[in-house]
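Here is the structure we will look at, set down as structure tokens.
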Amino acid sequence: MPREGKPINTIGKQFSLLIKPTSADCNLNCEYCFYHQRPTDPYKSDQIHKMGDEVLLSMISQYLNITGQYGAFSWQGGEPLLMGIDFFKKVVSLQQVYGYRGQYVGNSVQTNATLINDDFAKLFHEYNFLLGVSLDGPSELHEYYRGKGTFQKVMDGINILRNHKVEFNILSVVNDQTAQKADVLYKFFLENKFYYLQFIPAVEFDRSNGQPTDFSVNPKDYGNFLCQLFDLWYNNGNPAISIRTFDNIATIYAGIKSEACIYMKECGNYAVIEYNGDVYPCDFFVEEPLLLGNILETPLKEIISSQKMRDFSSQKCNFDIFEDCKNCAYEFICHCGCPHYRYNNEMDYLCPAYKQFFAYTESRFRVLANRIKIQYAYQNQQSKFLSEKPQKTPERNDPCPCGSGKKYKKCCMLK
3 MPREGKPINT IGKQFSLLIK PTSADCNLNC EYCFYHQRPT DPYKSDQIHK
53 MGDEVLLSMI SQYLNITGQY GAFSWQGGEP LLMGIDFFKK VVSLQQVYGY
103 RGQYVGNSVQ TNATLINDDF AKLFHEYNFL LGVSLDGPSE LHEYYRGKGT
153 FQKVMDGINI LRNHKVEFNI LSVVNDQTAQ KADVLYKFFL ENKFYYLQFI
203 PAVEFDRSNG QPTDFSVNPK DYGNFLCQLF DLWYNNGNPA ISIRTFDNIA
253 TIYAGIKSEA CIYMKECGNY AVIEYNGDVY PCDFFVEEPL LLGNILETPL
303 KEIISSQKMR DFSSQKCNFD IFEDCKNCAY EFICHCGCPH YRYNNEMDYL
353 CPAYKQFFAY TESRFRVLAN RIKIQYAYQN QQSKFLSEKP QKTPERNDPC
403 PCGSGKKYKK CCMLK
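Just so it is clear: in the sequence shown, position 387 is 389 by my numbering, and no numbers are missing.
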């Protein structure tokens with residue numbers, strides 16, 4: 003049954019869901035995709051990968067009952083828009099039913115943007131969805147691994163999002179080709195007014211010999227890429243562009259906890275929900291040995307607080323295994339790196355790149371950290387001032403304070 007402002011039993015930390023309603027199914031066939039013809043894919047023999055109503059309802063109702071004041075749903079794939087617009091309308095409807103007054107619910111969608119149309123964009127604008135659009139740079143770089151003709155389809159999708167004022171950021175994969183072109187990428191993104199960027203290194207290992215695949219970026223090139231990109235970004239004055247990696251590292255130097263799992267001491271700040279309700283601890287580790295349970299059989303709260311989940315989380319920064327990290331000057335930033343970039347319990351493959359980059363940028367990150375501290379102090383002062391002022395009750399036609407994107411009279415005023 004829907005809840006009506008009942009006290010909630012929270013999981014004790016900010017915890018989000020990464021949902022794969024179509025599993026790894028996609029309308030593209032990018033060569034570097036880590037789901038591409040994966041021998042360990044537990045669902046490769048299944049004919050249909052589509053989340054049904056029973057799983058969707060169970061997931062939303064359980065999660066909103068335990069997440070506390072803030073809930074975050076991240077819809078990924080494969081390509082989640084293959085589910086169609088009616089699926090996402092149902093998502094919003096169920097969130098409104100099973101959420102409670104004062105609970106803030108955020109939705110994000112990671113997409114290749116080739117299926118975006120006006121109907122999708124209208125829905126995403128109305129309910130404040132944030133989209134992450136995969137774009138690897140200008141056409142010749144984007145299409146090298148993502149396929150001929152895909153660049154213009156992505157740009158067309160982006161134009162539709164802009165026409166409907168949908169917020170989006172850019173997800174760009176750094177592979178063996180783009181790693182050499184930091185200046186080209188930065189110029190392209192700036193010229194196209196893409197101001198929120200996330201760069202993701204492509205690193206996969208051939209399971210037959212343990213060697214990096216041909217498309218993987220090597221540590222030397224990745225280190226050079228980060229250094230060159232940082233110079234371009236930092237020397238741009240007070241840059242309008244937000245680069246997630248740089249933003250996170252700057253906040254760490256300022257003594258603020260990172261929001262990105264790679265810079266945390268432990269994994270486990272989210273869980274993956276597959277189309278059939280199966281739960282895994284990480285998007286990179288959707289494999290049978292790490293199956294935590296199924297939400298139709300075991301309560302979600304039990305699954306994410308299980309010993310198996312805790313064991314996975316704690317292996318990120320294990321000094322018994324990664325002794326060299328213990329005395330590293332930059333361990334406080336990366337905390338032994340990402341388990342996905344290791345092979346056979348070796349250190350993070352990109353560790354030399356991180357060390358090169360951290361050493362090259364340390365003094366400038368400390369300058370940025372001081373600015374952040376001043377900014378936070380000012381914001382805290384303003385918040386204290388505002389909290390002492392009487393709070394105004396929203397008018398009927400005001401935006402609803404719950405963050406739904408609807409007017410107050412059509413949302414929480416009715417509850």
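Quick reminder that beta carbons are idealized off the backbone N, C-alpha and C, glycines included.
Determine the contact status of residue i and residue j, defining contact as a CB-CB distance below 9 Å.
i, j, result
"residue 2", "residue 331", "Since the first residue shown for the chain is 3 and the last is 417, residue 2 is missing from the structure and cannot be characterised."
"residue 146", "residue 158", "no"
"residue 135", "residue 173", "yes"
"residue 298", "residue 60", "yes"
"residue 223", "residue 181", "yes"
"residue 51", "residue 88", "no"
"residue 80", "residue 22", "yes"
"residue 273", "residue 234", "no"
"residue 351", "residue 335", "no"
"residue 143", "residue 255", "no"
"residue 169", "residue 132", "yes"
"residue 93", "residue 58", "yes"
"residue 221", "residue 353", "yes"
Excluding sequence positions up to five away, which residues of its chain have a Cβ less than 6 Å from the Cβ of residue i?
i, result
"residue 162", "118 and 123"
"residue 155", "116"
Based on DSSP bridge pairs, tell me the residues matched to residue i.
i, result
"residue 171", "134"
"residue 295", "281"
"residue 244", "198"
"residue 418", "There is no way to answer for residue 418, as the model of the chain reaches only from 3 to 417."
"residue 21", "77 and 275"
"residue 176", "203"
"residue 72", "106"
Going straight from the alpha carbon of residue i to that of residue j, what length do you get?
i, j, result
"residue 36", "residue 206", "7 Å"
"residue 229", "residue 363", "8 Å"
"residue 287", "residue 276", "12 Å"
"residue 338", "residue 318", "7 Å"
"residue 109", "residue 63", "15 Å"
"residue 213", "residue 195", "38 Å"
"residue 66", "residue 279", "16 Å"
"residue 177", "residue 114", "17 Å"
"residue 12", "residue 266", "Unreliable placement is indicated for residue 12, whose pLDDT of 44 sits below 50; the coordinate value is still reported in the next sentence. Their Cα atoms are separated by approximately 21 Å."
"residue 320", "residue 85", "39 Å"
"residue 91", "residue 125", "8 Å"
"residue 310", "residue 341", "16 Å"
"residue 348", "residue 324", "8 Å"
"residue 209", "residue 40", "10 Å"
"residue 304", "residue 190", "46 Å"
"residue 264", "residue 246", "12 Å"
Could you give the first and the last residue of the continuous alpha helix (DSSP H) run that contains residue i?
i, result
"residue 314", "309–316"
"residue 123", "120–128"
"residue 87", "87–100"
"residue 216", "That residue, residue 216, is in no alpha helix (DSSP H); it is neither H nor E in DSSP."
"residue 182", "First-last for residue 182: undefined, no H or E at that position."
"residue 147", "141–148"
Which residues in the same chain have their Cβ closer than 8 Å to the Cβ of residue i, if we skip the five residues on either side of it in sequence?
i, result
"residue 71", "104, 105 and 106"
"residue 232", "248, 359, 362, 363 and 366"
"residue 20", "76, 78, 272, 273, 274, 275 and 285"
From which residue to which residue does the beta strand (DSSP E) around residue i run?
i, result
"residue 113", "106–113"
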